[in-house]
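Numbering-wise (the numbering used here), the sequence shown opens with residue 40 and increments by one.
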Amino acid sequence: MKEILEILCGIIVLVFAFHYYYKLKFDFWKKHGIPGPKPIIYFGTAKDMILQKKVPIEYYKEIYDEYKHASLVGFFIKTNPILMINDPVLIKDVLITDSMIFTERGIPYSKKGEPIMDTLFWTKGEESLHLKAKLSPLFTPSKLKNMLSLLIQRSEAFKNWLDNSLLLKNKCINCSELADKLTADYSSVCLLNYDIKSFQDEENEICKYVKRFNKGDSWKYILKQLLPDKVIYNKLYDLISYYLFDAEVMQFCIRFAMDIVNYRGKHNIVKYDVINVLKEFKKNKKSTEKVEMLDQYFVTQLFVLFLAAYDTSAKTISNALYELALNHTIQNRLREEIRNIYIKITGEITFDDMNTMFYLDAVCKETLRKYSIADVIMRQASSAYTFRNSQLTIPKGQVVNIPVHAIHLDPDIYPKPEIFDPERFIGEATRSRQSMHYIPFGYGPRNCLGERFGLLQFKMGLITFLRNYKLDVCEKTPRNLKYISAVLVQQPKDIYLKITKIE
Numbered sequence: 040m041k042e043i044l045e046i047l048c049g050i051i052v053l054v055f056a057f058h059y060y061y062k063l064k065f066d067f068w069k070k071h072g073i074p075g076p077k078p079i080i081y082f083g084t085a086k087d088m089i090l091q092k093k094v095p096i097e098y099y100k101e102i103y104d105e106y107k108h109a110s111l112v113g114f115f116i117k118t119n120p121i122l123m124i125n126d127p128v129l130i131k132d133v134l135i136t137d138s139m140i141f142t143e144r145g146i147p148y149s150k151k152g153e154p155i156m157d158t159l160f161w162t163k164g165e166e167s168l169h170l171k172a173k174l175s176p177l178f179t180p181s182k183l184k185n186m187l188s189l190l191i192q193r194s195e196a197f198k199n200w201l202d203n204s205l206l207l208k209n210k211c212i213n214c215s216e217l218a219d220k221l222t223a224d225y226s227s228v229c230l231l232n233y234d235i236k237s238f239q240d241e242e243n244e245i246c247k248y249v250k251r252f253n254k255g256d257s258w259k260y261i262l263k264q265l266l267p268d269k270v271i272y273n274k275l276y277d278l279i280s281y282y283l284f285d286a287e288v289m290q291f292c293i294r295f296a297m298d299i300v301n302y303r304g305k306h307n308i309v310k311y312d313v314i315n316v317l318k319e320f321k322k323n324k325k326s327t328e329k330v331e332m333l334d335q336y337f338v339t340q341l342f343v344l345f346l347a348a349y350d351t352s353a354k355t356i357s358n359a360l361y362e363l364a365l366n367h368t369i370q371n372r373l374r375e376e377i378r379n380i381y382i383k384i385t386g387e388i389t390f391d392d393m394n395t396m397f398y399l400d401a402v403c404k405e406t407l408r409k410y411s412i413a414d415v416i417m418r419q420a421s422s423a424y425t426f427r428n429s430q431l432t433i434p435k436g437q438v439v440n441i442p443v444h445a446i447h448l449d450p451d452i453y454p455k456p457e458i459f460d461p462e463r464f465i466g467e468a469t470r471s472r473q474s475m476h477y478i479p480f481g482y483g484p485r486n487c488l489g490e491r492f493g494l495l496q497f498k499m500g501l502i503t504f505l506r507n508y509k510l511d512v513c514e515k516t517p518r519n520l521k522y523i524s525a526v527l528v529q530q531p532k533d534i535y536l537k538i539t540k541i542e
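See below:
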């Protein structure tokens with residue numbers, strides 16, 4: 040009897056300790072007077088997202104919609120307090136004015152167990168900024184003008200392949216796969232000086248592994264989300280993540296890098312491109328060590344840079360094609376603008392010609408508004424920080440969250456946000472809008488490195504489709520795009536359209 044009482048007392052003490060621990064954790068925002076949803080034990084406010092009942096894009100939008108009139112909103116992912124910033128003035132402070140305090144993204148990962156995460160997009164502090172500074176000269180206006188000529192050549196190759204394939208005989212074509220093929224080809228030729236031969240009927244191997252890496256609904260990804268925060272920030276996570284990480288993806292990265300290096304050696308290719316920059320950066324970083332071209336650093340940076348360059352543009356192009364198929368008035372007006380430019384020019388379209396295509400620019404911007412590349416921008420404070428006009432001082436290490444997708448769909452900022460309307464980005468409508476209410480690529484030192492190249496791919500892709508094909512919905516076209524959980528880029532489910540060649 041005594042032993043039973045001791046066990047019961049022990050259980051009661053544990054329950055009280057458990058309850059007290061979570062109460063201390065979940066009182067964090069209440070103590071600071073910051074509004075937000077009510078947390079529950081273990082999951083915080085993110086139960087539906089952690090259990091995959093909602094994708095992140097839905098979860099963050101729900102919080103924003105309920106608390107959008109508050110400048111700052113506090114919520115919890117498990118026991119981790121996250122601060123959502125809704126005020127455009129405070130957003131500008133984080134991304135631009137005080138950006139040197141918010142240089143890190145605040146996403147936990149294991150260098151040993153998740154080597155592919157230790158890259159430009161996740162790595163901490165000065166190293167990522169230095170690498171970005173080295174890569175930035177690859178995307179100057181003069182470099183982009185040279186890339187445009189390559190994009191035109193590859194667009195013609197894509198058109199010839201599609202015209203001669205059996206795909207156009209189908210009533211419904213997977214446009215997501217077409218966009219993948221086109222932008223994977225664009226990015227490999229422009230950034231790596233390497234042809235991945237994506238214009239084939241079967242799925243390209245790199246497209247397959249990019250999907251596999253970015254897939255956020257696998258059991259391994261879900262299990263990682265369920266791990267306690269203390270485990271993720273502990274050395275034990277190095278061991279756990281080693282078994283959770285998809286080793287086949289890393290093996291493919293090595294093969295991919297090896298193929299490129301061997302190809303360049305065989306054809307004596309020495310150019311100032313991504314591969315050259317990564318090699319030199321690695322050499323300067325560890326000048327006392329022998330530089331191995333196929334070491335982990337080189338392989339992972341190369342793969343993720345390529346992934347970001349092609350996958351974001353592919354998703355954006357397929358989203359735009361979907362909207363143009365639904366809106367023939369917009370499709371016809373854009374096609375007319377493209378035709379008028381080609382009537383005026385002799386030879387290839389130039390960078391300056393593209394800059395005069397105002398409706399094309401508006402269509403691209405409206406696509407990026409309605410279908411944001413990222414659901415949120417995350418930053419982590421490197422020191423204590425006090426927000427202007429506020430009593431709130433956040434501690435070092437605090438993660439802040441800028442709800443890009445939710446802001447872009449706010450009816451108070453963009454009336455009838457569910458309607459695709461490029462006129463939002465023409466004339467006075469653009470000038471009267473707060474700059475921080477349109478941030479598809481972020482702002483400041485850690486904004487998207489390849490923004491200009493991404494837009495160039497996007498525009499050239501739309502020109503290629505609109506000049507040569509008419510877009511219509513088919514029986515497999517979704518009424519509304521549905522998203523799946525993703526690691527890097529927000530992933531809509533496959534988009535099927537009817538594509539008819541214009542004679």
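All C-beta atoms in this analysis are idealised placements derived from N, C-alpha and C, irrespective of residue type, glycine included. On a predicted model such as this, the values are computed, not experimentally measured, just so you know.
Cβ atoms of P78 and A109: under 9 Å apart, would you say? Counting from one through the sequence shown, the residue named residue 109 turns up at place 70. Counting from one through the sequence shown, the residue named residue 78 turns up at place 39. Cβ atoms of A109 and P78: not closer than 9 Å.
Which residues bound the beta strand (DSSP E) around N440? The sequence position of residue 440 within the sequence shown is 401, counting from 1. Here the beta strand (DSSP E) through N440 covers 438-441.
Classify E331 as buried or exposed, calling it buried when 16 or more other Cβ atoms lie within 10 Å of its own Cβ. Counted from its first residue, the sequence shown places residue 331 at position 292. Its pLDDT being 46, under 50, E331 is placed unreliably in this model, and the value from its coordinates should be taken loosely. Burial call: exposed.
At what residues does the beta strand (DSSP E) containing F459 begin and finish? Along the sequence shown, one-based indexing puts residue 459 at 420. If you look at F459, you'll find it isn't in any beta strand (DSSP E); DSSP assigns it neither H nor E.
For Y103 and M123, I'd like the C-alpha separation in whole angstroms. Counting from one through the sequence shown, the residue named residue 103 turns up at place 64. Counting from one through the sequence shown, the residue named residue 123 turns up at place 84. Using only the alpha carbons, I get a separation of about 8 Å.
Expressed to the nearest angstrom, what Euclidean distance is found between the alpha-carbon atoms of W68 and G113? Residue 68 sits at position 29 when you count from the first residue of the sequence shown. Residue 113 sits at position 74 when you count from the first residue of the sequence shown. Answer to the nearest angstrom: the Cα atoms are 6 Å apart.
Relative to the alpha-carbon of S175, which residue among R491, N213, L495 has its alpha-carbon at the smallest distance? Mapped onto the sequence shown, residue 175 falls at position 136. Taking only the C-alpha atoms, the option nearest S175 is R491.
Helix, strand or coil for T142 per DSSP? Translated into the one-based positions of the sequence shown, residue 142 becomes position 103. Looking at T142 - three-state DSSP - the assignment turns out to be coil, as it is neither helix nor strand.
Can you find at least 3 beta carbon pairs, one from the segment 414-426 and one from the segment 130-140, that sit closer than 8 Å? yes
Pull up the DSSP beta-bridge partners for T539, would you. Residue mapping note: residue 539 aligns to position 500 of the sequence shown, counting from 1. In DSSP, T539 forms a bridge with K509.
Under 9 Å between C-beta atoms of Y349 and D219: Here residue 349 is taken as the residue at index 310 of the sequence shown, counted from 1. Here residue 219 is taken as the residue at index 180 of the sequence shown, counted from 1. Yes. Within cutoff.
If you follow the alpha helix (DSSP H) that N394 is in, where does it begin and where does it stop? To locate residue 394, count along the sequence shown from 1; it is residue 355. 390-394 is the span of the alpha helix (DSSP H), which, as asked, contains N394.
Whose C-beta lies closer than 8 Å to the C-beta of N213 among residues of the same chain, with five residues either side of it excluded? Within the sequence shown, the letter at position 174 stands for residue 213. Within the same chain, N213 has close Cβ partners D533, I534, Y535.
Whose C-beta lies closer than 6 Å to the C-beta of L431 among residues of the same chain, with five residues either side of it excluded? Looking up residue 431 in the sequence shown gives position 392. H71, listed in sequence order.
Proximity of Y410 and L501 at Cβ, strictly below 9 Å: Taking the first residue of the sequence shown as 1, we reach residue 410 at position 371. Taking the first residue of the sequence shown as 1, we reach residue 501 at position 462. Going by C-beta atoms, Y410 is not nearer than 9 Å to L501.
Through-space distance from V402 to D460, alpha-carbon basis: Within the sequence shown, residue 460 is the residue found at index 421, counting from 1. Within the sequence shown, residue 402 is the residue found at index 363, counting from 1. A straight-line Cα-Cα distance of about 8 Å links D460 and V402.
Please classify R20 as buried or exposed, where buried requires at least 16 neighbouring CB atoms within 10 angstroms. Residue 20 is absent from the model: the chain starts at 40 and stops at 542.
Beta-carbon proximity of R485 to R418, cut-off 9 Å: As a first step, residue 485 is located in the sequence shown; it is residue number 446 there, counting from the start. As a first step, residue 418 is located in the sequence shown; it is residue number 379 there, counting from the start. Yes, these two residues count as a Cβ contact at 9 Å.
Buried or exposed for K208, going by 16 or more other Cβ atoms inside 10 Å? Working through the sequence shown from its first residue, we reach residue 208 at position 169. It is exposed - the Cβ of K208 has fewer than 16 other Cβ atoms within 10 Å.
Beta bridge counterpart(s) of Q419 as assigned by DSSP: The residue labelled residue 419 in the question sits at position 380 within the sequence shown. Bridge partners of Q419: E143, V438.
Which residues in the same chain as R193 place their Cβ atom closer than 7 Å to its Cβ, once the five residues preceding and following it in sequence are excluded? One-based indexing of the sequence shown puts residue 193 at position 154. Around R193: D224, Y225, V228.
H447 versus M393: straight-line alpha-carbon distance, rounded: As a position in the sequence shown, residue 447 is number 408, starting the count at 1. As a position in the sequence shown, residue 393 is number 354, starting the count at 1. About 25 Å.
Could you spell out where the beta strand (DSSP E) holding P120 opens and where it closes? The residue labelled residue 120 in the question sits at position 81 within the sequence shown. 119-124 is the span of the beta strand (DSSP E), which, as asked, contains P120.
DSSP three-state call for V112: helix, strand or coil? Mapped onto the sequence shown, residue 112 falls at position 73. Look at V112 here: in three-state DSSP terms it is strand.
For Y103, the three-state DSSP class (helix, strand or coil): Here residue 103 refers to the residue found at position 64 of the sequence shown. Looking at Y103 - three-state DSSP - the assignment turns out to be helix.
If you draw a straight line from the C-alpha of D126 to the C-alpha of K100, how long is it? The residue given as residue 126 occupies position 87 in the sequence shown. The residue given as residue 100 occupies position 61 in the sequence shown. Approximately 15 Å between the Cα atoms of the pair.
State the Cα-Cα distance for the pair L494 and K247, rounded to the nearest angstrom. Indexing the sequence shown from 1 puts residue 494 at position 455. Indexing the sequence shown from 1 puts residue 247 at position 208. When the Cα atoms are used, L494 and K247 turn out to be separated by approximately 24 Å.
Endpoints, the alpha helix (DSSP H) within which Y453 is located: Counting from 1 along the sequence shown, the entry for residue 453 is found at position 414. Per DSSP, Y453 belongs to no alpha helix (DSSP H) and is neither H nor E.
In the structure shown, what three-state DSSP assignment does I534 receive? For the purposes of this step, residue 534 is taken as residue 495 along the sequence shown, with counting starting at 1. The answer is coil: DSSP assigns I534 none of H, G, I, E or B.
Taking the alpha carbon of S215 as the reference point, which residue from T539, T516, E542 has its own alpha carbon closest? Counting from 1 along the sequence shown, the entry for residue 215 is found at position 176. Minimum Cα distance to S215 is reached at T516.
Between which two residues does the alpha helix (DSSP H) carrying V128 extend? For the purposes of this step, residue 128 is taken as the residue at position 89 of the sequence shown. Here the alpha helix (DSSP H) through V128 covers 127-131.
Using CA coordinates, which residue listed in T395, R472, L129, R378 is at the minimum distance from F504? Numbered from 1 along the sequence shown, position 465 holds the residue referred to as residue 504. When only C-alpha atoms are compared, the closest one is R378.
Kindly provide the ranges of any beta strand (DSSP E) runs that are 3 or more residues long and lie completely inside the segment 294-378, ordered along the chain. none
Give the straight-line distance between the Cα atoms of K210 and K455, rounded to the nearest whole angstrom. Here residue 210 is taken as the residue at index 171 of the sequence shown, counted from 1. Here residue 455 is taken as the residue at index 416 of the sequence shown, counted from 1. Taking the straight line from one Cα to the other gives about 32 Å.
In the DSSP assignment, what residue or residues form a beta bridge with Y248? Translated into the one-based positions of the sequence shown, residue 248 becomes position 209. Per DSSP, none; premise fails for Y248.
Would M139 be called buried (16 or more neighbouring beta carbons within 10 Å of its own) or exposed? Position 100 of the sequence shown, counted from the start, is the residue given in the question as residue 139. Exposed.
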